[in-house]
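The block underneath contains the structure these notes are about, expressed in structure tokens.
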């Protein structure tokens, strides 16, 4: 098999269609840099299925389409076709020639063709898998791929060996098998979960099925006997009720007559009491008026005393104000005079200050004109002095620069000496370092031993962590199972709720008809509309009795329609509660009386349930007259307090009936409608709690898994450290060679330092001469500076004499300034004093105004006051009214005493009549209780017929049988009820459900066995593939290893190289390390080789793989670019040798490679951006390409 032809159009720089025909041997594709020759390699890789745009030197797949140039428009698609000769059937398809085509459009669509028939990418990948021709195989090698082989990690490097071993298809099959195994495990777990659920249901359903059959037999017998007993009891109760009604009517007549007499006497008593109340009201009113008049007298007398005292105080205050006013007016006049004097003195001081300022200004003018000329001369001499100083500074700077240069040369000589000594010290240090290398090797071995010990310790920790993780995983699985059980129970209860299980036949049919929309106005059964706390469920259930299955309707018409529907469908009977006609029967606190305060009283039954407010009348009708007590003893006491009028139910389900009868005892636990609803709510809460617990357990499991992963990472780190220490020995040898080179360099440096020292000495002597000349110039400048300094001293003395005169004038000016300051201070004090006088005067004027206002107010008060005569007259009028009120109160009190005496006599008569009337009422109440008890029993028995058997009394008489021994029949009924009760909740659908679940359990058991068998088969298949892959990998690796050693020696002309398995015991995952020892060097890691040595080593590995696993053809894209000419020749010779069994397409620009080629193709870019294929003779092309290589 070999590559026959490559056709390209629109791919990258190949705008026009080109075709390259290949022949067996070596075909070289050459051309200048940038001409597009590497695009040939990209085209072959792309057509074989490459999906990475980055590998094709692009950012997205559409980048491979010709993008246009300055003279051409972009193309809309790219197409590459590869034609292979398959005469030897290397590829297992029935064709002697294979054509593979790939197209991509700018819209993003792509297509693949195999022999011009559309196919999938997977078809092409599978076709060439393990043939060495895949997109990731070793048959297409570029320079970047060479670097990748060299730089990749040992674990990543094994991929190329796997391709050579032909185990990629096994790895793919293993991956698929493992995925299928996971799916099988998931399916098996699901089947096991379902089977576990069915196992938990199967046995209970079997028992329930048997119980259901017994239940149906006993309930049929019970119905016949129970109906007959009820009919017998009802006949007796109806006869007793008739007798009680006659007696009750006679007693009512007597009670009515006595009530009339009591009413008449009560009217007379009420009239007297009304009169007494009127008299009491009149007395109270007079008492209030008497108190008010007395208070008024006291107020007038107090006002009189207050007016006398206030008048005396006002007179005294007026006199004091007159005196204060006079004093304030006199003080204000004095301050006004003082203020005028200060204004005159202020004007005098201001004039004197102006005179002094003029004199001071004249003195300052005389001071400034006396010494200005002397100062100008001194300034000129100073400027000359400064110029000389600048010149001196410049000379000193030059001298300093020379001295610095001298110091630098001296320092240079010292530094050269020091450096020579340092070089010698370093030579000694190199010897010391060589000795340390051996010590480091020992240290490395010790560290490696410690790391291996830590690694073993981590392995033990990993084992313990794995056990802990599995244990918690098992606990979590059990939690999942428990959760599934709860869900199954919840689903079963919800299914019972949805099917209205537990309701009688007629009720169930009505509710189902409502769900189907056949009946409207059906609110639901009572059990559906009430929500009961589990604590009270038994009490409420007993209180309601059969009423739990009564159906609530919106209107009476809805109920009638439902009854008609039942008759038409022959679907049984039901009791209906129309909301629009049902009336509440709620007991009031007055009816219950003292029972409310009894410690055993819980509440009225309707207050212990939750319901929609719209259903209040229904709930109160059913439960409003039922009391709930904590226990039976308390219930009996509460019933007694209520005269046994109402039914009292305990939390345990015992009952004190109206009239005093008791019902109670033990009941077999059963799932009633309320109990089922409560259990369903409890299950929902438990499921939420279980989900929270599982979530917490999952978090703990995740943390343990993270800890386990962390330990694995630590183990991997230690493993990598051990590999690093193994390589460090090679690196230490490399450092020894570097030290030898350093010693040679140090000797050269010492020789160079001696030459530099001689040059520095010559330059230093020249600088010493320049220093002497500069010192002489500085001496001349010092003489000139002394002369200028003497002239400045003479001028300064003359200036001192002038300044003496100036001091005398300055003293006189200072005296004048002192006088001026004194005057200004006096003027300032006058201003302050004047301001203070003005402030005091303003305050006095305000005080005078205030005193005048107060005096006017006192005068106004005198004029507005009442006279003493007016106050005395008011006091006399109030005293007269007080005497009149006292007389009226005495008269009313006498009349009230007379009325009270008459009322006492009438009250005695009324009490006697009421006592007699109470006796009649007690007799009636006792008779009412008896009548209510009889009616209750009649209603109870009728309701029992209606609710339990869905028939009325007339129908029951038809069904009833003659009872010879009533008591024996009662005992038999009790035994039947007890037997049925002992059965507990009966699932009548259990028979059918048991058959259905048993059938499904059988099916899933078979499915489980099939999955276990499939699981076993898959594990065996994976094991076989692992063994096959390990065998193939080992054989191939050993073959490549031997070939690599031989090819390396041939390409390098000697030396040694090897391939090392890092984990020989783990052939399926072991990494592969490459070591090489070129001729004349020690064995070392690839990273320590030169670029050319590394490249040639990688080429040797590729050639070794091709020797061990020959491929039909291989593409080498400038793999020899980093080689020198000598190595290129070796590479070319070996390539020619391999071409006997492998076809090579070589992308190159190296002359040696081109000379070894059998066929040469040239790629040029005569038109910018467009690659062309040029056909030339082989000899001419070699010359042409050689010239271009020299030019570039």
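In the UniProt record's numbering, the protein residues as written are 1 to 1192.
Here a beta-carbon is modelled for each residue, glycine too, at the ideal position from N, C-alpha and C.
Since the model is a prediction, treat every value here as computed from it, not as a measurement.
For residue 916, which residues of its own chain have a beta-carbon under 7 Å away from its beta-carbon, when the five flanking residues on both sides are left out? Along the chain shown, one-based indexing puts residue 916 at 916. Excluding sequence neighbours, residue 916 sits near 258.
With a 10 Å radius around its C-beta and 16 neighbouring C-beta atoms as the bar for buried, classify residue 1036 as buried or exposed. Counting from 1 along the chain shown, the entry for residue 1036 is found at position 1036. Classification for residue 1036: buried.
Are the stretch 548–562 and the stretch 573–581 touching by the rule of at least three beta carbon pairs closer than 8 Å? In short, these stretches touch, since the Cβ pair count reaches three.
Taking only the alpha-carbon atoms, compute the straight-line gap between residue 1048 and residue 1101 and give it to the nearest angstrom. Locating residue 1048 in the chain shown gives position 1048, where the first residue counts as 1. Locating residue 1101 in the chain shown gives position 1101, where the first residue counts as 1. Looking at the two C-alpha atoms, the distance is approximately 8 Å.
Identify whether residue 1119 lies in helix, strand or coil by the three-state DSSP scheme. Along the chain shown, one-based indexing puts residue 1119 at 1119. Coil, per DSSP.
Using a C-beta cutoff of 8 Å, does residue 682 count as contacting chain D? No chain D is part of this structure, which consists of one protein chain only.
Whole-angstrom C-beta distance between residue 26 and residue 1168, which should lie under 8 Å: Taking the chain shown and counting its residues from 1, one reaches residue 1168 at position 1168. Taking the chain shown and counting its residues from 1, one reaches residue 26 at position 26. The C-beta separation of residue 1168 from residue 26 comes to about 31 Å, leaving the pair out of contact by the 8 Å criterion.
Here's the rule: buried if 16 or more other CB atoms are within 10 angstroms of the residue's CB, otherwise exposed. What is residue 1154? Position 1154 of the chain shown holds residue 1154. Classification of residue 1154: buried, given that the 10 Å Cβ count is 16 or more.
Using only alpha-carbon positions, find the residue among 168, 23, 190, 12 that is nearest to residue 1011. Numbered from 1 along the chain shown, position 1011 holds the residue referred to as residue 1011. Comparing Cα positions, the closest option is 190.
Using the C-alpha atoms, what's the distance from residue 433 back to residue 737? The residue you call residue 737 lines up with position 737 of the chain shown. The residue you call residue 433 lines up with position 433 of the chain shown. Low confidence applies to residue 737: its pLDDT is 49, below 50, so where it sits in the model is not reliable, and the reading given next is rough at best. It is roughly 12 Å from the alpha-carbon of residue 737 to the alpha-carbon of residue 433.
By the DSSP assignment, the beta strand (DSSP E) with residue 1172 in it spans what residues? The count along the chain shown starts at 1 and reaches residue 1172 at position 1172. Per DSSP, residue 1172 belongs to the beta strand (DSSP E) from 1170–1174.
Continuous beta strand (DSSP E) stretch holding residue 110: start and end: Within the chain shown, residue 110 is the residue found at index 110, counting from 1. Where residue 110 is concerned, the enclosing beta strand (DSSP E) starts and stops at 110–114.
With respect to the beta strand (DSSP E) encompassing residue 84, which residues constitute its N-terminal and C-terminal limits? Here residue 84 corresponds to residue number 84 of the chain shown, with the count starting at 1. Per DSSP, the unbroken beta strand (DSSP E) holding residue 84 starts and ends at 77–85.
In the DSSP output, what is residue 1161 paired with across the bridge? Taking the first residue of the chain shown as 1, we reach residue 1161 at position 1161. Answer by DSSP bridge pairing, in chain order: 29.
Going by C-alpha distance, which of 875, 606, 461 is nearest residue 709? Taking the first residue of the chain shown as 1, we reach residue 709 at position 709. It is 461 whose Cα lies nearest to the Cα of residue 709.
Endpoints, alpha helix (DSSP H) assigned at residue 154: Residue mapping note: residue 154 aligns to position 154 of the chain shown, counting from 1. Residue 154 -> alpha helix (DSSP H) spans 154–165.
How many Å lie between residue 644 and residue 604 at the Cα? As a first step, residue 644 is located in the chain shown; it is residue number 644 there, counting from the start. As a first step, residue 604 is located in the chain shown; it is residue number 604 there, counting from the start. For residue 644 and residue 604, the distance between alpha carbons rounds to 15 Å.
Buried/exposed call for residue 1117, threshold 16 Cβ in 10 Å: Reading the chain shown from its first residue, position 1117 is the one you call residue 1117. Looking at its Cβ environment, which holds 16 or more other Cβ atoms inside 10 Å, residue 1117 is buried.
Cβ distance (whole Å) where residue 548 is taken to contact residue 562 below 8 Å: Here residue 548 is taken as the residue at index 548 of the chain shown, counted from 1. Here residue 562 is taken as the residue at index 562 of the chain shown, counted from 1. Going by Cβ atoms, the distance from residue 548 to residue 562 rounds to 18 Å, so no, they are not a contact pair.
At which residues does the beta strand (DSSP E) containing residue 1058 begin and terminate? As a working note, residue 1058 is residue 1058 in the chain shown. Residues 1056–1061.
Nearest CA to the CA of residue 394: which residue from 517, 1115, 775? The sequence position of residue 394 within the chain shown is 394, counting from 1. With distances taken between Cα atoms, residue 394 lies closest to 775.
Excluding the 5 residues preceding and the 5 following residue 1196 in the sequence, name in chain order all residues of the same chain whose CB lies nearer than 6 Å to its CB. Since the first residue shown for the chain is 1 and the last is 1192, residue 1196 is missing from the structure and cannot be characterised.
According to DSSP, residue 1195 sits in a beta bridge with which residue or residues? Only positions 1 to 1192 of the chain appear in this structure, which leaves residue 1195 out of reach.
Could you give the residue range of the beta strand (DSSP E) that holds residue 949? As a first step, residue 949 must be located in the chain shown, where it is residue number 949. Neither: residue 949 is in no beta strand (DSSP E) and is coded neither H nor E.
Leaving out the 5 sequence neighbours to the left and right, which residues in its chain are closer than 6 Å to residue 136 when beta-carbon positions are compared? Counting from one through the chain shown, the residue named residue 136 turns up at place 136. The predicted position of residue 136 is uncertain, since its pLDDT is 49 and thus under 50; a value taken from the coordinates is nonetheless stated next. Cβ within range, chain order: n/a, list empty.
Pick from 426, 225, 683, 990: whose alpha carbon is nearest that of residue 482? Start at 1 with the first residue of the chain shown, and residue 482 comes out as number 482. Relative to residue 482, the option among 426, 225, 683, 990 whose CA is nearest is 683.
Neighbourhood of residue 1103 by C-beta distance below 7 Å, restricted to the same chain and skipping five residues each side: Position 1103 of the chain shown, counted from the first residue, corresponds to residue 1103. Around residue 1103: 1047, 1134, 1138.
Could you have a look at residue 12 and say whether DSSP puts it in helix, strand or coil? Looking up residue 12 in the chain shown gives position 12. Residue state, collapsed to three classes: coil.
Rounded straight-line distance, which links the Cα of residue 157 to that of residue 1073: Counting from 1 along the chain shown, the entry for residue 1073 is found at position 1073. Counting from 1 along the chain shown, the entry for residue 157 is found at position 157. Approximately 8 Å, taken between the alpha carbons.
Just curious, the beta strand (DSSP E) that residue 542 is in, first and last residue? Within the chain shown, numbered from 1, the residue matching residue 542 stands at position 542. Looking at the DSSP string, residue 542 is not in any beta strand (DSSP E); the run it does join, the alpha helix (DSSP H), is 537–544.
Are there any heavy atoms of the ligand ATP lying less than 7 Å away from the beta-carbon of residue 536, as far as the coordinates show? Ligands in the displayed structure: none, and consequently the ligand ATP is not present.
Which residue wins for smallest C-alpha separation from residue 717, given the options 770, 472, 454, 888? Locating residue 717 in the chain shown gives position 717, counting from the first residue. For residue 717, the closest of 770, 472, 454, 888 by C-alpha to C-alpha distance is 454.
Per the DSSP calculation, residue 531 is bridged to which residue(s)? Position 531 of the chain shown, counting from 1, holds the residue named residue 531. The partner list for residue 531 (beta bridge, DSSP) reads 610.
Taking the C-alpha atoms as reference points, what is the distance between residue 1164 and residue 1081? Within the chain shown, numbered from 1, the residue matching residue 1164 stands at position 1164. Within the chain shown, numbered from 1, the residue matching residue 1081 stands at position 1081. When rounded, the separation of the alpha-carbon atoms in residue 1164 and residue 1081 is 43 Å.
Relative to the C-alpha of residue 662, which residue among 542, 962, 606 is closest? For this step, residue 662 is matched to residue 662 along the chain shown. Residue 542 is the option with its Cα nearest to residue 662.
Which residue's Cα is closest to the Cα of residue 940: 972, 651, 647, 1159? Indexing the chain shown from 1 puts residue 940 at position 940. Out of 972, 651, 647, 1159, the CA that lies nearest to the CA of residue 940 is found in 647.
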